[in-house]
Amino acid sequence: MRGGVGLAALAVGLAGCTTTLPSPPKPPARFAAAARLVPPDHTFVLSDGARMPARVWPAQQHEHAVLLALHGFNDSRDAWEAPAPFFTQHGVTVIAPDQRGFGQAPLRGGWAGTVRMVADVREEIAQIQQTHPQAPLYLAGESMGGAVLILLMAQPEAPRVAGTMLLAPAVWNLGAGADIPLRVLSTLFPRNLVTGRELPVHVVASDNMAALIRLYYDPLTLRATRLEALQGLVALMKQSARAARHIHGPTLCVYGDKDQLVPPSAMAEVWRSMPAHVRLDLVPGGHHLLLRDRNGKLVTQDMLGWMNTPNTWLPSGGDSATAAWLAQGVGENGWGKNTLPLFLPAQMDTLAGP
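Read in order, the letters of the sequence shown correspond to residues 78 to 431 in this note's numbering.
1. Around the Cβ of Gly362, are there at least 16 other Cβ atoms within 10 angstroms (buried) or fewer (exposed)?
2. So, Pro101 versus Tyr294, is the Cβ gap smaller than 8 angstroms?
3. Is the closest heavy atom of the ligand NAD to the C-beta of Tyr294 under 7 angstroms?
4. What does Thr170 pair with, by DSSP beta-bridge criteria?
5. Ignore the nearest five residues each way along the sequence and tell me which others in Pro277's own chain have a CB closer than 6 angstroms to its CB.
6. Gly240 by DSSP, collapsed to three states: which one?
7. How about Val248 and Ser342: are their beta carbons less than 8 angstroms apart?
8. Could you pull out every residue in the same chain whose Cβ sits closer than 7 angstroms to the Cβ of Gln451, ignoring the five residues on either side in sequence?
9. From Ala231 to Pro352, what does the alpha carbon distance come to, in whole angstroms?
10. Can you tell me whether DSSP reads Arg319 as helix, strand or coil?
11. Can you look up Phe179 in the DSSP assignment and give me helix, strand or coil?
12. Using a C-beta cutoff of 8 angstroms, does Thr208 count as contacting chain C?
13. Quick check on DSSP: helix, strand or coil for Trp390?
14. Alpha carbon to alpha carbon, how far is Ala189 from Pro183?
15. Rounded to whole angstroms, what's the CA-CA distance from Asp370 to Ser283? Just pull it up for me.
16. First and last residue of the alpha helix (DSSP H) that includes Asp358?
17. Just curious, the alpha helix (DSSP H) that Arg260 is in, first and last residue?
18. Need the endpoints of the alpha helix (DSSP H) that Thr377 sits in, please.
19. Alpha carbon to alpha carbon, what distance is there between Met314 and Trp402?
20. Using C-beta distances below 7 angstroms, list every residue in its chain close to Ala398, excluding the 5 sequence neighbours before and after it, in chain order.
21. For Gln204, I'd like the list of residues in its chain whose CB is within less than 7 angstroms of its CB, leaving aside the five on either flank, ordered along the chain.
22. Buried or exposed for Asp197, going by 16 or more other Cβ atoms inside 10 Å?
23. Measure the C-alpha to C-alpha separation of Thr298 and Leu98 and round it to an integer number of angstroms.
24. First and last residue of the alpha helix (DSSP H) that includes Leu226?
25. Taking Leu367 as the reference, which of Ser153, Leu244, Met380 has the closest Cα?
26. Given a threshold of 16 other Cβ atoms within 10 Å of its Cβ, counted over all protein chains shown, does Glu234 qualify as buried or as exposed?
27. Give me the DSSP bridge partner(s) of Leu270.
28. Report the CB separation of Ala157 from Ala136 in whole angstroms; it is logged as a contact under 8 angstroms.
29. Excluding sequence positions up to five away, which residues of its chain have a Cβ less than 6 angstroms from the Cβ of Asn410?
30. Measure the CB-CB distance between Val271 and Leu304 and report whether it falls below 8 angstroms.
31. Under 8 angstroms by Cβ, that's how I've got Arg154 and Ala127 pegged, so tell me the actual separation to the nearest angstrom.
32. Strictly by DSSP, which residues pair up with Leu214?
33. Looking at the structure shown, is Pro352 part of a helix, part of a strand, or coil, going by DSSP?
34. Does the distance from the CB of Pro392 to the CB of Asp379 come in under 8 angstroms?
35. Of all the options His323, Arg322, Thr241, which has the alpha carbon lying nearest to the alpha carbon of Val143?
Written as structure tokens, this is what we have:
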């Protein structure tokens, strides 16, 4: 029923909806730094002429590897500003582009479609491998970014990379017909905006208040979602959940047991379908925004440990935690079926207020 209530709330909310994206909120003085706009360090120019801004954190001293890092829904390249220094200290260059439709990339607030989004990443990979020919290239994607990487690496002609890391990937098959109301609404009102305030629920995306405040006031963050983009996300989640069983190459998939955006039932179903070569990593106490959590270093240490020594135990103990979690039969009767995906950052309005 929860999904039906959410869709009904969205439908009622449409009556007063606008189609104009809201301006970034002005923070109180004590949060002024959270509203800083960091200019891109690099721009990917793609085959269709699109320009994708990216932030780059070069490896300190010798470059041992390069990490192409993708952000989540309504987020931006700034998603990687907190964990990037950890990687650079260990010889990893981090390159984090805005994805099409988000940040300062083309079509801000719209939905480019999964085919185009996957093609964008493939082109960025080719350009990085050309400019960094001696360094192994790893891919990392958070939430929506992880779903895009699943679709890319599940293709028969998946690019050759050193490894793929999926952080709370947006994988969720809502079930037959569950998204029909949303499809109808997005067809009738594709450019209408919803914020998440229409839904009678509260989501905790991270236990790190400072990180949430930065996300909320960051001028690159989208604080409202077009219905066409929400429907696109739902379709992406379904496609990636189905494609996960075909993923190629070394893969690490990380999930937190306090994730309130990708439910345990959805992740457990996908984990059980993944090939045996996929390394599963459960982070106890981890929320959806794993890298922004106060214990986010557990995730970055696991990522680096897996990159350097993929056949040894993960530093956090995530291997054992995963086995215990799955042994409990998680997902067999858990929540997450036929519910509406929630989205950020509108859910944080009351957290970051003056």
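Even for Gly, the Cβ is constructed at its ideal location relative to N, Cα and C.
Based on what the coordinates show:
1. On the sequence shown, position 285 is the one that residue 362 refers to. Exposed, by the Cβ-count rule.
2. Taking the first residue of the sequence shown as 1, we reach residue 101 at position 24. Taking the first residue of the sequence shown as 1, we reach residue 294 at position 217. Yes. Within cutoff.
3. As far as ligands go, the structure on display features none, and thus does not contain the ligand NAD.
4. Here residue 170 corresponds to residue number 93 of the sequence shown, with the count starting at 1. Note: Thr170 sits in a beta bridge opposite Val143.
5. Taking the first residue of the sequence shown as 1, we reach residue 277 at position 200. Interpretation of Pro277 is limited by its pLDDT of 47, a score under 50 that renders its predicted location unreliable; no figure is taken from the coordinates.
6. For this step, residue 240 is matched to residue 163 along the sequence shown. Gly240 falls in the strand class under three-state DSSP.
7. Reading the sequence shown from its first residue, position 171 is the one you call residue 248. Reading the sequence shown from its first residue, position 265 is the one you call residue 342. Their beta carbons are not under 8 angstroms apart, which means Val248 does not touch Ser342 by this criterion.
8. Any answer about residue 451 is impossible in this case: the structure gives the chain only from 78 up to 431.
9. Here residue 231 refers to the residue found at position 154 of the sequence shown. Here residue 352 refers to the residue found at position 275 of the sequence shown. Whole-angstrom Cα-Cα distance: 11 angstroms.
10. For the purposes of this step, residue 319 is taken as the residue at position 242 of the sequence shown. Here Arg319 sits in helix by DSSP.
11. The sequence position of residue 179 within the sequence shown is 102, counting from 1. Note: Phe179 maps to coil in three-state DSSP.
12. Of the chains in the structure shown, none is chain C; there is only one protein chain.
13. For the purposes of this step, residue 390 is taken as residue 313 along the sequence shown, with counting starting at 1. Reduced to three states, the DSSP call for Trp390 is coil.
14. In the sequence shown, residue 189 corresponds to position 112, counting from 1. In the sequence shown, residue 183 corresponds to position 106, counting from 1. Ala189 and Pro183: Cα-Cα distance of roughly 9 angstroms.
15. Within the sequence shown, residue 370 is the residue found at index 293, counting from 1. Within the sequence shown, residue 283 is the residue found at index 206, counting from 1. In a straight line, the C-alpha of Asp370 is about 5 angstroms away from that of Ser283.
16. Numbered from its first residue, the sequence shown carries residue 358 at position 281. Counting along the chain, Asp358 falls outside any alpha helix (DSSP H), though it belongs to the beta strand (DSSP E) covering 355-360.
17. For the purposes of this step, residue 260 is taken as residue 183 along the sequence shown, with counting starting at 1. Its alpha helix (DSSP H) spans residues 257-265.
18. For the purposes of this step, residue 377 is taken as the residue at position 300 of the sequence shown. Here the alpha helix (DSSP H) through Thr377 covers 373-385.
19. For this step, residue 402 is matched to residue 325 along the sequence shown. For this step, residue 314 is matched to residue 237 along the sequence shown. Cα to Cα, Trp402 sits roughly 22 angstroms from Met314.
20. In the sequence shown, the residue the question calls residue 398 occupies position 321. These residues qualify, in order along the chain: Leu359, Pro361.
21. As a working mapping, residue 204 is identified with position 127 in the sequence shown. Around Gln204: Phe121.
22. Taking the sequence shown and counting its residues from 1, one reaches residue 197 at position 120. Classification for Asp197: buried.
23. Start at 1 with the first residue of the sequence shown, and residue 298 comes out as number 221. Start at 1 with the first residue of the sequence shown, and residue 98 comes out as number 21. Using only the alpha carbons, I get a separation of about 11 angstroms.
24. As a working mapping, residue 226 is identified with position 149 in the sequence shown. First-last of the alpha helix (DSSP H) with Leu226: 221-230.
25. Position 290 of the sequence shown, counted from the start, is the residue given in the question as residue 367. The shortest C-alpha separation from Leu367 is found at Leu244.
26. Here residue 234 corresponds to residue number 157 of the sequence shown, with the count starting at 1. With fewer than 16 Cβ atoms within 10 Å of its Cβ, Glu234 is classed as exposed.
27. One-based indexing of the sequence shown puts residue 270 at position 193. Paired residues: Arg303.
28. Here residue 157 is taken as the residue at index 80 of the sequence shown, counted from 1. Here residue 136 is taken as the residue at index 59 of the sequence shown, counted from 1. Before going on, a small fix: residue 157 reads as Trp here, not Ala. Actually they are not in contact, since the Cβ atoms of Trp157 and Ala136 sit about 14 angstroms apart, beyond 8 angstroms.
29. Indexing the sequence shown from 1 puts residue 410 at position 333. Bear in mind that the predicted position of Asn410 carries a pLDDT of just 47, short of 50, making it unreliable; the figure below should be weighed with that in mind. Excluding sequence neighbours, Asn410 sits near nothing in its chain.
30. Locating residue 271 in the sequence shown gives position 194, where the first residue counts as 1. Locating residue 304 in the sequence shown gives position 227, where the first residue counts as 1. Yes, they are a contact pair.
31. One-based indexing of the sequence shown puts residue 154 at position 77. One-based indexing of the sequence shown puts residue 127 at position 50. Their Cβ separation, rounded to whole angstroms, is 15 angstroms, which puts Arg154 and Ala127 out of contact at 8 angstroms.
32. Mapped onto the sequence shown, residue 214 falls at position 137. Bridge partners of Leu214: Val143.
33. Within the sequence shown, numbered from 1, the residue matching residue 352 stands at position 275. Looking at Pro352 - three-state DSSP - the assignment turns out to be coil, as it is neither helix nor strand.
34. Position 315 of the sequence shown, counted from the first residue, corresponds to residue 392. Position 302 of the sequence shown, counted from the first residue, corresponds to residue 379. A contact, by the Cβ cut-off of 8 angstroms.
35. As a working note, residue 143 is residue 66 in the sequence shown. Among His323, Arg322, Thr241, the Cα nearest to that of Val143 is on Thr241.
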